[in-house]
Every structure is written in structure tokens, then in C-alpha cells.
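Undergrad: For the sequence shown, our numbering gives the first residue as 2, with consecutive numbering after it.
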Amino acid sequence: MMEIGATATKITHGLFQNTYPLKAKWNRINGVQLPRSSHSVAVVAGRAYIFGGEINPREPVDNDMHIIILPSGTVTSADYRAIPAKPKHNGGEVPEKRVGHTAGVIGERIFIFGGRGGKDMKPLEENGRVWVYDTRTDRWSFLDPVSGTPFPAARSYHSSVAIEKPEPSNTKSVDFDQAIDETKIGIIAEGAKTDDEQGGHGTFFVHAGCPVSGRTNDLWAFDVQSRTWKEFPSAPGKPRGGTSLAVSKQRIYRYGGFNGESEEGAYLDILELALETFNDKSGSGELGVAPKGDWETLNFEEESMKHPGHRSVAGMHTINTG
């Protein structure tokens, strides 16, 4: 445990140790009014894609995709449009309206999992299905896991992140660290592939949340190309919903959440990822993403480090400061 703590401390000090003052400024986006909670927001190429949510408790608003073209420079107003849900193929399915789901971005596609909906507002049982919104066509499709393979339980108020790895073996590869860095607004990540006709690529993670009863601490990884879910080590501490998740380089970071009695905080859980590859007579390529060991925990109070307060249902994102 001492070795784990030392490793986590080294990792986090390297990320958070200030070498110069960091400042940021909030700018309100004018001209768009979309009051709601329990929705998802995904940013692709300078556009914010807002899906689901509620205004009145237990009443999902719609299943439209609300798109805001984000302002840049000195402009503070934004363009907005709502796209009704349409399937990729005629007669196909589209996701029903929902709350408490999650979204992640791989290339130019948005991946959505879970949430609550329906007459009883229970977790939507979709047997591991991942919904896919193509921002190039504004059409919906879905990926069901391979028959007979395991998948995460239906849930809401979980958290998700997505990464570009593994990439198809017939494409130019980029470094693991580079591929997992968050995409800059207005720029598709270098090395991102968008040819879903080849089966797609990347990994979509789902963690914790509220199933039909209670809460959970599990972590699942969905390999887009193989359409299989893999269960990773569960995170430490009490099961929770509304936890915050972020990914940077080859690590997943978790903070906060609500455990049913109180909000969590004052420590950061870290899981390092590894890229599985092959190199034989048939060629070389990337097989998948796997956990590299178990979770590590950095306790901010024990390390006398400044930290956010206890909280749940908060956003957490990585920012490259140079």
C-alpha cells in the first residue's frame, strides 16, 4: 500500500504541481437557452452536442440532438439548431428520450450509454447496447455486444470517458499518450479515424452509477471494433453514483460521487491503462486496451494538498496547459 500511495503521489504531483500561476475565465454563451439537467454534452469540431435531460423531475425532455456552434475569438453569440432523431437506415431504431445517461467522443462519432426513461423512469434495459450519433450525417445507429458476451447492468447517473485506442491495424498508429489526450475544440484529434464502415475503433468506458437498486463501483470497457464489453477492476471505496471521470495520457481519474449517505471527496482514484498489441507473421497491430494493475489512490488531505470539496454530479475534464 505504501508503494501504491507513493506512485499515486508521484503521478499527481507531476500533473498538479504549479510551475506558474494558472488562470481561466468563464464566458457566457449568448443567444441559447436550453434549461435542463441530467443531460449529456459532447464537443466535436467546435460544436456542442446536447442530448436528453429533464426540466421537470422525472420527465425527459426529448430525443432531439441540440447542436450549438461554439463561438470563438471575441464573438460571444452562438448558432443553434435542434435535429430530430433519425436512424442511419430507413426503418431503423433511434434512442428514446432519457436522463442520467453518458456520452463519449471517438473521432466524429458520439457514443451514448444507459440512463433512465420510460413510464416508470427505471434504468433502460438495452442489454449492453451503445448508441452512436454520427456528427457527419446527423443520423443514429447502435452497436449491440456480440451475442453471448457479458455487458454492464442497466444504470443511470454513471460516468464515461472514451479514447481512440485501439486503432485498426491497417491505419497509421499514434502514440498511446497522444491518442488519449483530449481533443481540442474545433480540431479532430490527430490520428483519429472516422471510417465506421471498417467497424470503427476506440474504447468507450462506463463506470459506477445507479442500477435498478443500490449503487455500483464497477468499470467496463467497450471495444468498438469487436463489439465486446470487458470488465476492469472495480474502483475502491463505497459504490456511488454521480462520480466524475476523466482520462489523460494512459490514466483514468475519478473524483467524488454520492454513496447513498454522503458525497465523496478529498481523494483521487487513478487507474493506469495498457495497450495490448500483436506482432507476428500476419503483421502487427493493436488488440485492445487493458488495465495495468489495480487502482491507486491519492489522499489530498494526507498529502496536505489543496483540493476541491466533496461533491457529486460534477464535470471533470483534462486541459493541456503546455
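Ideal Cβ positions, reconstructed from N, Cα and C, are used throughout, including at glycine.
Is it the case that the Cβ atoms of Lys-166 and Glu-287 are separated by a distance below 8 Å?
TA: Yes, the Cβ-Cβ distance between Lys-166 and Glu-287 is below 8 Å.
Undergrad: Return the chain-ordered list of same chain residues with a C-beta closer than 8 Å to the C-beta of Ala-86, the five sequence neighbours on each side being excluded.
TA: Cβ neighbours of Ala-86 beyond the five flanking positions: Asn-64, Asp-65, Met-66, Val-95, Pro-96 and Trp-141.
Undergrad: How far does the beta strand (DSSP E) with Gly-284 in it extend, from its first residue to its last?
TA: Its beta strand (DSSP E) spans residues 284-292.
Undergrad: Whose CA, out of Gly-261, Arg-37 and Gly-54, lies closest to the CA of Ser-214?
TA: The candidate whose alpha carbon is nearest that of Ser-214 is Gly-261.
Undergrad: Can Ser-305 be considered in contact with the ligand ATP, in the sense that its beta carbon sits closer than 7 Å to one or more heavy atoms?
TA: The ligand ATP is not part of the structure shown, which contains no ligands of any sort.
Undergrad: Would His-40 and Ile-56 qualify as a contact pair, given that the criterion is a beta-carbon distance under 8 Å?
TA: It is not a contact, given that the beta carbons lie outside the stated cut-off.
Undergrad: Give the straight-line distance between the Cα atoms of Leu-220 and Pro-153, rounded to the nearest whole angstrom.
TA: Their Cα atoms are separated by approximately 9 Å.
Undergrad: Any idea what DSSP makes of Asp-145, helix, strand or coil?
TA: The answer is coil: DSSP assigns Asp-145 none of H, G, I, E or B.
Undergrad: If you reduce the DSSP assignment to three classes, tell me which class Asp-121 lands in.
TA: Looking at Asp-121 - three-state DSSP - the assignment turns out to be coil, as it is neither helix nor strand.
Undergrad: Taking the alpha-carbon positions, what's the Ile-186 to Arg-48 distance?
TA: Bear in mind that a pLDDT of 35 at Ile-186, under 50, signals an unreliable position, so the number given afterwards is only what the model happens to contain. Their Cα atoms are separated by approximately 8 Å.
Undergrad: In this structure, how does DSSP classify Ala-209 when only helix, strand and coil are distinguished?
TA: Note: Ala-209 maps to strand in three-state DSSP.
Undergrad: Which class does Val-314 belong to by DSSP, given the choice of helix, strand or coil?
TA: Residue state, collapsed to three classes: coil.
Undergrad: Can you give the Cα-Cα distance for Arg-216 and Arg-59, rounded to whole angstroms?
TA: Cα to Cα, the separation comes out at about 19 Å.
Undergrad: Below 8 Å, can you find three or more Cβ-Cβ pairs linking the stretch 201-213 to the stretch 114-124?
TA: Contact between the stretch 201-213 and the stretch 114-124 is present, because at least three Cβ pairs lie under 8 Å.
Undergrad: I'd like to know whether the C-beta atoms of Thr-204 and Ala-163 end up nearer to each other than 8 Å.
TA: Yes, Cβ-Cβ distance for Thr-204 and Ala-163 is below 8 Å.
Undergrad: For Gly-266, which residues of its own chain have a beta-carbon under 8 Å away from its beta-carbon, when the five flanking residues on both sides are left out?
TA: Excluding residues within five positions, the ones whose Cβ falls inside 8 Å are Tyr-256, Gly-257, His-308, Pro-309, Gly-310, His-311 and Arg-312.
Undergrad: Quick one: grab the DSSP three-state call for Ile-271.
TA: Strand.
Undergrad: Mind checking Asp-196: buried by the 16 CB within 10 Å criterion, or exposed?
TA: The predicted position of Asp-196 is uncertain, since its pLDDT is 44 and thus under 50; no value can be drawn from it.
Undergrad: Give the DSSP-derived three-state secondary structure of Tyr-324 in the structure shown.
TA: Given a span of 2 to 323 for the chain in the structure shown, any question on residue 324 remains unanswerable.
Undergrad: Taking its Cβ as the centre, do 16 or more other Cβ atoms sit within 10 Å of Glu-168, making it buried, or is it exposed?
TA: Under this definition Glu-168 is a buried residue.
Undergrad: Compute the Euclidean distance between the alpha carbons of Lys-98 and Pro-88, then round it to the nearest angstrom.
TA: Computed Cα separation, rounded: 14 Å.
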